[in-house]
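Residue numbers (full-length UniProt numbering), protein chains in the order written: chain Y, 1 to 333; chain B, 1 to 333. Beneath this line is the structure, given in structure tokens, with notes to follow.
2 protein chains.
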Amino acid sequence: MKMLINAPERVVADALRGMAAAHPELVVDVENRMVVRRDAPVSGKVALVSGGGSGHEPLHAGFVGHGMLDAACPGEVFTSPVPDQAFRAATATDSGAGVLFVVKNYTGDVLNFDMAMELAEDEGVRAARVLVEDDVAVTDSLFTAGRRGTGGTLFVEKLAGAAAEQGAPLETVEALARRVAEACRSYGVALGPCSTPAKGGPTFDLPTGELELGIGIHGEPGRERRAMMTAAEIAEVTVDALLEDLGGPPTGRPFLALVNGMGATPLLELYGFNAEVQRVLAERGAVVARTLVGNYVTSLDMAGCSVTLCEADEELLRLWDAPVSTAALRWGR
Amino acid sequence: MKMLINAPERVVADALRGMAAAHPELVVDVENRMVVRRDAPVSGKVALVSGGGSGHEPLHAGFVGHGMLDAACPGEVFTSPVPDQAFRAATATDSGAGVLFVVKNYTGDVLNFDMAMELAEDEGVRAARVLVEDDVAVTDSLFTAGRRGTGGTLFVEKLAGAAAEQGAPLETVEALARRVAEACRSYGVALGPCSTPAKGGPTFDLPTGELELGIGIHGEPGRERRAMMTAAEIAEVTVDALLEDLGGPPTGRPFLALVNGMGATPLLELYGFNAEVQRVLAERGAVVARTLVGNYVTSLDMAGCSVTLCEADEELLRLWDAPVSTAALRWGR
């Protein structure tokens with residue numbers, strides 16, 4: 001597999017150097033592997049810190065900025081960041097109002113962020129943690145006890161980030177983040193595998209004419225393999241898996257929807273897939289208030305897509321529409 | 001090749017339906033294949049209309065909105081829009097201040113937009129046209145007499161769009177667009193081919209261990225094939241091709257830079273490549289004022305990248321920084 005890289009061991013550092021060059025509004029610490037808002041710590045504001053293995057870009061570093069994250073800690077590709085990264089990010093961004101760690105549910109991430117939280121608390125930083133475990137496809141995967149954290153992370157970071165930006169205290173931001181995490185459901189489909197720089201080739205085989213349903217964002221196995229399906233059929237399987245897990249479409253409450261590309265699927269196809277997702281949701285009686293289509297929580301060069309639904313209310317809609325200014329998500333100011 | 005589609009002949013219509021669902025701020029006319037600003041025609045404002053074959057998303061429909069295009073006309077995949085599409089888009093967006101067509105230099109596009117311009121003028125619409133022909137790799141390709149139009153289109157649409165939004169008259173917007181088109185140079189590299197829905201498979205073969213330099217955005221042949229190179233080496237070849245064509249780095253004038261993904265190359269790799277592009281530019285004595293990294297002018301699921309440089313001055317920097325609010329490019333408001 002050909003890659004646009006210098007060497008596997010340099011991929012993350014090189015990307016951070018390139019991010020620094022493109023985004024003077026961010027402080028990129030290549031050595032300590034963190035990306036921080038230039039205006040951090042923001043006086044009186046709760047800081048949001050996230051991170052995880054690299055390979056899911058723009059998640060998380062692309063979401064650092066006004067109205068979303070204060071810092072992100074990228075690990076090596078598909079590898080958790082070390083506790084020291086998250087600890088440094090917390091102390092770099094804490095204004096005294098406390099730090100909320102947004103953690104995707106992978107065993108290494110949970111352990112290392114927990115350790116970072118302890119280190120931060122030892123330094124007098126008030127810290128809390130929210131776990132994102134939104135993938136309905138499988139429980140207890142290769143990388144996780146319990147559900148995997150995937151696309152729901154974007155909603156937690158955006159909505160809790162907006163609340164923090166508006167001055168909510170730590171307890172409120174934490175409760176809101178937990179509420180959003182609980183309101184999110186995701187389901188992913190792979191049409192082709194991803195290739196990691198270290199391996200230099202595909203992480204799994206997916207025969208011609210087959211797709212894999214319920215895939216994770218590291219090429220973990222999903223629920224089942226089936227013969228290739230149309231976009232309409234994939235939308236039906238996906239939406240029905242999400243609604244089944246939710247116990248049916250919510251009555252009187254709209255969804256926020258993310259129709260997400262895994263990396264190598266063209267935007268043209270993602271928009272076409274979105275048409276089918278919206279059709280199926282409407283047929284099932286679900287109302288969608290906002291939809292985001294694009295590559296936001298990826299798996300390197302995997303071909304495929306995922307759908308995340310977040311049950312919303314007036315408060316969450318207001319927080320969604322609040323200004324955000326990051327490398328990958330930007331509106332309202 | 002597995003694709004997230006319903007059927008090859010439905011790809012563009014499906015994508016437009018999905019775009020309509022995700023972007024209520026746009027008027028998407030699926031039947032007539034055009035995407036228009038909801039507030040068009042904007043009183044007193046010159047309208048910018050572009051379009052071309054689909055498969056390069058977010059170009060052009062993703063650039064419709066405040067500060068950029070008034071309308072986009074998507075053709076079938078890698079196929080020029082018909083004259084009627086561009087004519088309708090012109091009459092839908094003309095406020096009386098006139099219409100500027102932004103046309104990438106492909107034989108079909110040029111013919112069809114010229115016909116649209118005649119039709120529009122017959123209806124009393126003042127119309128002008130700017131041709132983008134920024135690809136330094138080859139002259140007279142499969143699809144083109146002269147240089148191909150690629151990444152430079154983004155700069156023409158952004159900068160002329162900003163001037164039009166600020167109320168500049170047609171002659172000024174046209175002259176500015178022409179100046180920008182002349183100031184842009186692009187060069188692309190393919191690591192893997194793209195697959196079109198109609199063909200259902202790769203449009204060309206690229207053996208393991210080789211890349212193709214000077215590729216176009218439809219899988220057209222480039223300058224040469226070579227053994228696979230590192231990101232650093234690809235950046236050197238690319239930047240040197242651009243600077244050679246410019247007659248060396250400009251003295252005292254900065255570049256706007258686009259480090260663009262062709263579709264399937266992960267953002268992680270594009271940022272790492274940007275680090276090398278910036279290094280080489282600095283070593284050659286060039287100054288970069290603004291850099292955009294991401295998938296903006298793509299070729300379906302092609303793996304690879306392109307670099308566009310636009311020689312700027314104070315006026316162009318101001319226009320670059322001016323507010324823009326589109327599906328794919330958004331800042332400043």
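All C-beta atoms, glycine included, are put in the ideal place defined by N, C-alpha and C. The structure presented is a predicted model; accordingly, all values stated were derived computationally and were not measured.
Legend entry - Exposure of PRO74(B), with buried meaning 16 or more beta-carbon neighbours within 10 Å: For the purposes of this step, residue 74(B) is identified with residue 74 of the second sequence, where counting begins at 1. Under this definition PRO74(B) is a buried residue.
Legend entry - Cβ contact (3+ pairs, closer than 8 Å) linking the stretch 205-218 of chain Y and the stretch 228-243 of chain Y: yes
Inset, instruction - Could you confirm whether any beta carbon from chain Y is found closer than 9 Å to the beta carbon of ILE5(B)? - result: Start at 1 with the first residue of the second sequence, and residue 5(B) comes out as number 5. Yes, because at least one Cβ of chain Y sits closer than 9 Å to the Cβ of ILE5(B).
Inset, instruction - Could you list the residues in the stretch 257-271 of chain Y with a C-beta less than 8 Å from some C-beta on chain B, going in chain order? - result: VAL259, GLY263, ALA264, THR265, PRO266, LEU267, LEU268, GLU269, LEU270, TYR271
Legend entry - Three or more C-beta pairs below 8 Å linking the stretch 57-73 of chain B and the stretch 153-162 of chain B: yes
Inset, instruction - Say whether chain B places a C-beta atom closer than 9 Å to the C-beta of ASN274(Y). - result: What you label residue 274(Y) is simply residue 274 of the first sequence in a count that begins at 1. Taking Cβ atoms only, chain B reaches closer than 9 Å to ASN274(Y), which makes this a yes.
Inset, instruction - Kindly give me the distance between the Cβ atoms of SER306(B) and THR150(B), rounded to whole angstroms, as I take these residues to be in contact under 8 Å. - result: By 1-based counting over the second sequence, the position of residue 306(B) is 306. By 1-based counting over the second sequence, the position of residue 150(B) is 150. Their Cβ separation, rounded to whole angstroms, is 6 Å, which keeps SER306(B) and THR150(B) in contact under 8 Å.
Inset, instruction - Check whether the Cβ atoms of PRO197(Y) and MET19(Y) sit closer than 9 Å, and answer yes or no. - result: Here residue 197(Y) corresponds to residue number 197 of the first sequence, with the count starting at 1. Here residue 19(Y) corresponds to residue number 19 of the first sequence, with the count starting at 1. No, they are not a contact pair.
Inset, instruction - Hey, could you find the ends of the beta strand (DSSP E) ALA282(B) is sitting in? - result: Walking along the second sequence from the start, residue 282(B) turns up at place 282. Unbroken run through ALA282(B) is the alpha helix (DSSP H), 267-283; no beta strand (DSSP E).
Inset, instruction - With 9 Å as the threshold, decide whether the Cβ of PRO81(B) is near any Cβ in chain Y. - result: Taking the second sequence and counting its residues from 1, one reaches residue 81(B) at position 81. False, the Cβ-Cβ gap to chain Y never drops below 9 Å.
Legend entry - Check whether VAL297(B) and ILE217(B) have beta carbons under 9 Å apart: Reading the second sequence from its first residue, position 297 is the one you call residue 297(B). Reading the second sequence from its first residue, position 217 is the one you call residue 217(B). In contact: VAL297(B) and ILE217(B) (Cβ atoms closer than 9 Å).
Legend entry - Beta carbon proximity, MET117(B) to chain Y, threshold 9 Å: Sequence index remark: in the second sequence, residue 117(B) carries index 117 (1-based). No, MET117(B) does not count as interfacial toward chain Y.
Legend entry - Nearest neighbour of GLY252(B), chosen from ASP134(B), ALA227(B), VAL64(B), GLY285(B) [CA to CA]: Counting from 1 along the second sequence, the entry for residue 252(B) is found at position 252. Out of ASP134(B), ALA227(B), VAL64(B), GLY285(B), GLY285(B) has the C-alpha closest to the C-alpha of GLY252(B).
Inset, instruction - Report yes if the CB atom of PHE78(B) is closer than 9 Å to the CB atom of GLY51(B), and no otherwise. - result: Numbered from 1 along the second sequence, position 78 holds the residue referred to as residue 78(B). Numbered from 1 along the second sequence, position 51 holds the residue referred to as residue 51(B). Cβ distance not < 9 Å, so PHE78(B) and GLY51(B) don't count as in contact.
Legend entry - Continuous beta strand (DSSP E) assignments of at least 3 residues falling wholly in the stretch 158-198 of chain B: 184-192
Inset, instruction - Compare the C-alpha of GLY167(Y) against each of GLY98(Y), ALA90(Y), ASN260(Y), PRO8(Y) and name the closest. - result: On the first sequence, residue 167(Y) is found 167 positions in, with the first residue counted as 1. Measuring from the Cα of GLY167(Y), the nearest candidate turns out to be GLY98(Y).
Legend entry - Any C-beta of chain B under 9 Å from that of THR298(Y): If you number the first sequence from 1, residue 298(Y) lands on position 298. Chain B, which has a Cβ nearer than 9 Å to the Cβ of THR298(Y), makes this yes.
Inset, instruction - Consider the Cβ of GLU283(B): report whether some Cβ of chain Y lies at a distance smaller than 9 Å. - result: By 1-based counting over the second sequence, the position of residue 283(B) is 283. So, not an interface residue.
Inset, instruction - With a 10 Å radius around its C-beta and 16 neighbouring C-beta atoms as the bar for buried, classify PRO83(B) as buried or exposed. - result: Reading the second sequence from its first residue, position 83 is the one you call residue 83(B). Looking at its Cβ environment, which holds 16 or more other Cβ atoms inside 10 Å, PRO83(B) is buried.
Legend entry - Minimum length 4: unbroken alpha helix (DSSP H) runs contained in the stretch 59-99 of chain B: Taking only runs of at least 4 residues, the alpha helix (DSSP H) segments lying wholly in the stretch 59-99 of chain B are 83-93.
Inset, instruction - Verify whether the separation of the beta carbon atoms of VAL130(Y) and THR93(Y) is less than 9 Å. - result: Taking the first sequence and counting its residues from 1, the one referred to as residue 130(Y) is at position 130. Taking the first sequence and counting its residues from 1, the one referred to as residue 93(Y) is at position 93. The answer is no: Cβ separation not under 9 Å.
Inset, instruction - Could you list which residues in chain B have their beta carbon closer than 9 Å to that of GLN166(Y), in chain order? - result: Counted from its first residue, the first sequence places residue 166(Y) at position 166. Here the premise fails: no neighbours, minimum Cβ distance about 19 Å.
Inset, instruction - Find out if the Cβ-Cβ distance for the pair VAL259(Y), TYR187(Y) is shorter than 9 Å. - result: Residue numbering aside, residue 259(Y) sits at position 259 when the first sequence is read from its first letter. Residue numbering aside, residue 187(Y) sits at position 187 when the first sequence is read from its first letter. Not a contact, by the Cβ cut-off of 9 Å.
Inset, instruction - State the CB to CB distance for the pair LEU16(Y) and VAL27(Y), rounded to an integer number of angstroms; the pair is presumed to be in contact (CB under 8 Å). - result: Position 16 of the first sequence, counted from the start, is the residue given in the question as residue 16(Y). Position 27 of the first sequence, counted from the start, is the residue given in the question as residue 27(Y). Not confirmed; about 11 Å, so no contact.
Legend entry - Touch test, the stretch 138-149 of chain B against the stretch 274-294 of chain B, Cβ-Cβ under 8 Å, three pairs minimum: no
Legend entry - VAL125(B) versus GLY247(B): straight-line alpha-carbon distance, rounded: In the second sequence, the residue the question calls residue 125(B) occupies position 125. In the second sequence, the residue the question calls residue 247(B) occupies position 247. Their Cα atoms are separated by approximately 39 Å.
Legend entry - 9 Å Cβ cutoff met for ASP301(B) and ALA190(Y): Position 301 of the second sequence, counting from 1, holds the residue named residue 301(B). Position 190 of the first sequence, counting from 1, holds the residue named residue 190(Y). With contacts defined by Cβ atoms closer than 9 Å, ASP301(B) and ALA190(Y) do not form a contacting pair.
Legend entry - Neighbour flag for GLN85(Y) against chain B, beta carbons, 9 Å: As a position in the first sequence, residue 85(Y) is number 85, starting the count at 1. By this cut-off, GLN85(Y) is not an interface position.
Inset, instruction - Please list the residues of the stretch 33-44 of chain Y that have a C-beta atom closer than 9 Å to any C-beta atom in chain B, keeping them in chain order. - result: none
Legend entry - Three-way DSSP call (helix, strand, coil) for GLY219(Y) in this model: Here the question's residue 219(Y) lines up with position 219 in the first sequence. The answer is coil: DSSP assigns GLY219(Y) none of H, G, I, E or B.
Inset, instruction - With a 10 Å radius around its C-beta and 16 neighbouring C-beta atoms as the bar for buried, classify THR139(B) as buried or exposed. - result: Here residue 139(B) is taken as the residue at index 139 of the second sequence, counted from 1. Label assigned to THR139(B): exposed.
Legend entry - Nearest candidate by alpha-carbon position, reference VAL180(Y), set PHE113(Y), GLU121(Y), ASP245(Y), ALA312(Y): Along the first sequence, one-based indexing puts residue 180(Y) at 180. Of PHE113(Y), GLU121(Y), ASP245(Y), ALA312(Y), the residue nearest in Cα terms is ALA312(Y).
Legend entry - Amino acids of chain Y, ordered along the chain, whose beta-carbon sits closer than 8 Å to that of THR291(B): Indexing the second sequence from 1 puts residue 291(B) at position 291. Chain Y residues near THR291(B): ALA21, ALA22.
Inset, instruction - Output yes if chain Y places a C-beta closer than 9 Å to the C-beta of SER54(B); else output no. - result: Mapped onto the second sequence, residue 54(B) falls at position 54. At least one chain Y Cβ lies under 9 Å of SER54(B).
Inset, instruction - Name the residue from GLU174(Y), THR265(Y), PHE113(Y), MET117(Y) whose alpha carbon lies nearest to the alpha carbon of SER195(B). - result: Taking the second sequence and counting its residues from 1, one reaches residue 195(B) at position 195. Comparing Cα-Cα distances from SER195(B) to each of GLU174(Y), THR265(Y), PHE113(Y), MET117(Y), the minimum goes to THR265(Y).
Inset, instruction - Could you please give me the residues that DSSP links to LYS45(B) through a beta bridge? - result: Within the second sequence, residue 45(B) is the residue found at index 45, counting from 1. None; LYS45(B) has no bridge partner.
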